[in-house]
Each structure stands twice: as C-alpha cells, then as structure tokens.
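Numbering (full-length UniProt numbering), first residue to last: 1 to 332. Notes follow the structure.
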Amino acid sequence: MKKLIKKMVPDSLRLQIVKWIKEYRMKKLMKNDQKRFLKYSFGKKDIAAFNQIEARLTKEYHSIEKGLSYKELRLGFGKQVLENVLNLMKEYRRKGYPLDSHVYQTALSNLHSYIAVHDEAGFNVDKLKEEVKQLESGLEDSCSGGILYKTKATVMEQSKADFKTFAESRHSVRDYSGEPVDRSILEKAFELAKRTPSACNRQSWKIRVVEDPKLKKTIQKNQNGNRGFGDYIDKFIIITADVQYYDRIRERNQANIDGGMYAMNLLYALHYYDIAAVPLSGSLNLNQENNLRAAFEIPDYENFIMFIGIGNYVDEYKVPKSDRRELEYKYY
C-alpha cells in the first residue's frame, strides 16, 4: 500500500508533506523547550526552588571573585552585586536552606575576601561587616571563595604535568603581559583541539581570531562579561558551530553540544601551550548577535558558542578561586 501511495503522489508533493511534518514536530519540540526553560530557569523575580537560589547566588558572588582578581582593582566596586548577594543570602536563611552548604559558605568567604582587601587598603566597609556578621551567625569561617595568587613559572610547569595536575591548574586569567600571542603557537592549539569528539565526527565548529583593535572593541561592546579587563586582551577567539551539519529534529541542540565540547578542548590546548585564556559567554541578545554577525561576516546558519580572550602570562597574577561544589551522582 505504501509503495502504491508513493507512486500516486508526485515527488514534489511528497517532499512538501515531509517538510510540513518536520516543521510541525520541530515547533512542538521548540515549544516544549521554551515552556520548560521559562518554568524552571531563575530569570524571574520569585526565586522559589533551592537550585534556583543557589544558581543565582553563585552567579552573583562569582562577580565579586572576578572583581577581586582584576589587575586594576577599583575600591568599593560592585555595590549592586553586593546588595544582590546579601539579599539572596537572607532569603536563603529565611527559607531554611542548609547554611553549611558549599554555595552559602563560598558566598560568605567571598564577602570576607572583599572586606579583607578593602581593610588592607584603608577603605571603609563597616556597613558590610555588620551585614556579614548577621549572616555568619553560628557558622565557622570558610576559605572556599576569594582569589588565588599564581606565578607564570609554576603554571607553565603544571601545564606539562599529569592530567589531574594539568586540569586543576587551569584557571580563567584576566591579566596579560601585553606581548602578542605568537600565531604559530596559537595554531598548534587549534590543531590539538581538533581531537574533540563530535556527533558522527562531523566537527561543525568554526574559529575566527580577532586581532584588529577596532574589531576587538566591537566584541567588547557586544559581549557581556569582559568589563574591567577587556582592554588588555591580545586576541579574541570567536567559536561558532554550523547548523548545516545536522539533519534530524532531535539534533536541534547538537551544534551547541559539539561546539561546547570543542571550546573546552581548546581551553585545555591553550593551557598546554602556555597561553593565558579566559572563556567568555556567547549568550547574546538579538541586537548584539546582529552586530557581531555583520562585523565578522558570520552567516545565519552558524550558532554562537562562546568567545575566548587570550594573551601571554605576566610573571605573577591573581585568579578567582571559583571553587566547585560537591558533585551529586547516582548509579542505576
């Protein structure tokens, strides 16, 4: 019967029907994706769930860590961020969430680091001290937040060590020497990162390296997250993934998955070749995306994955601790 119907239906109509079915299924899946994200993400005023408030608190206190690691520290920075952290911690306590949790303890530790840096500089933060005193009532001090002091010599040694040492020594670096990164070394990192696995080995990722000062400014203006150190970045790397490499509806997210895996592998490759790097979010609004597509001739069929800022190491520098929470896992 199927063969008979195929013979009776013209190819053009059959292809159109297949297209309609595919579009219907895609819209259904996309609607479900949208519904789930809007329901469970923390991008709304009422943050009720434990995971939502922990994620929001982590996002906010990490901004403090980053600010403390900048070469040119601006005393009194992050007033709004500090207010957000304090309010979230109060809400955390009000809801009765565990105060010995990694996230709450790390938030406290970052506030202590902020206070210590400002005390050392003679900058008054007495009001913040009072707030923190109330939030840490009955708790032991934690050292899970703040900054680490690193040296170029040590990191270059660790980048050639066993994998555990290698991986644990990689940090996001926001301080650079000003000496340009050698293109030949950078290209070695690109070659090494090619070993990234991908769906059916399709390797959909694309790389653009931005050195031109004016074009670097375009990235700085349109990427969220380089304020305070973007001017010191020697080169920006734009990572995209080509949607044309995928066919089935269930692969609608595969470009982002494969591109993200390549991005992580590239960060490791840069670390191996002693290039200081900082991953920068590729989450853009429509206006930012259009600006960057126009500036770098990025076609509509390529998804933005992320940016990486790179430079050469200075002899001594600071990085955020960016401590990791305990991983939850199950066996089935």
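Where a beta carbon is used, it is the ideal one built from N, C-alpha and C, also for glycine.
- DSSP on residue 242, reduced to helix/strand/coil? strand
- Could you please give me the residues that DSSP links to residue 320 through a beta bridge? 147
- Query: Of the choices 37, 195, 224, 226, whose alpha-carbon is the least far from that of residue 342?
  - Reply: Since the first residue shown for the chain is 1 and the last is 332, residue 342 is missing from the structure and cannot be characterised.
- Message: I'd like to know whether the C-beta atoms of residue 305 and residue 218 end up nearer to each other than 7 Å.
- Response: no
- Item | Inter-residue spacing [alpha-carbon to alpha-carbon] between residue 193 and residue 31 | 35 Å
- Residues bridged to residue 107 [DSSP beta-bridge criterion]: DSSP, once it has assigned bridges, lists no residue as partnering residue 107.
- Message: Based on DSSP bridge pairs, tell me the residues matched to residue 306.
- Response: 239, 281
- Query: Residues in its own chain within less than 8 Å of residue 181 by CB, not counting five upstream and five downstream?
  - Reply: 234, 235, 275, 310, 311, 312
- Item | Boundaries of the beta strand (DSSP E) in which residue 18 is found, first to last residue | Taken as a continuous stretch (DSSP letters only), residue 18 belongs to no beta strand (DSSP E), being part of the alpha helix (DSSP H) at 11-40.
- Given 8 Å, three or more beta-carbon pairs between the stretch 161-170 and the stretch 199-217: no
- Three-state secondary structure (DSSP) at residue 71? coil
- Note down, one range per segment and in chain order, each beta strand (DSSP E) of at least 3 residues found wholly within the stretch 180-234. 205-210
- Below 7 Å between beta carbons: does that hold for residue 69 and residue 321? no
- Can you have a look at residue 175 and say buried or exposed, based on whether 16 or more other CB atoms are within 10 angstroms of its CB? buried
- Task: Can you tell me the Cβ-Cβ gap for residue 110 and residue 61, rounded? I've got them flagged as a contact below 8 Å.
- Result: 5 Å
- Task: Answer with buried or exposed for residue 20, where buried requires no fewer than 16 other C-beta atoms within 10 angstroms of its C-beta.
- Result: exposed
- Assigned secondary structure, residue 311 (DSSP; H/G/I helix, E/B strand, else coil): strand
- residue 121 (DSSP reduced to helix, strand or coil): coil
- Status (buried if at least 16 other CB within 10 Å, exposed otherwise) for residue 331: exposed
- DSSP three-state call for residue 348: helix, strand or coil? Residue 348 lies beyond the stretch modelled for the chain, which goes from 1 to 332, so this question has no answer here.
- Work out the CA separation of residue 112 and residue 119 for me, nearest whole Å. 10 Å
- Query: Applying the criterion that 16 or more other CB atoms from any shown protein chain within 10 Å of the CB defines a buried residue, is residue 15 buried or exposed?
  - Reply: exposed
- Message: Taking 6 Å as the cut-off, is the beta-carbon of residue 280 closer than that to any non-hydrogen atom of the ligand FAD?
- Response: In the structure on display, the ligand FAD does not appear, and there are no ligands present to speak of.
- Roughly how many angstroms lie between the CA atoms of residue 84 and residue 29, to the nearest whole one? 35 Å
- Message: Looking only at its chain, what residues have a beta carbon closer than 7 Å to the beta carbon of residue 326, apart from the 5 residues adjacent to it on each side?
- Response: 102
- Query: In whole angstroms, what separates the C-alpha of residue 283 from that of residue 9?
  - Reply: 45 Å
- Query: Where does residue 298 fall in DSSP's three states?
  - Reply: coil
- Message: Mapping the DSSP letters down to three states, classify residue 167 as helix, strand or coil.
- Response: helix
- Check whether the Cβ atoms of residue 152 and residue 273 lie closer than 7 Å to each other. no
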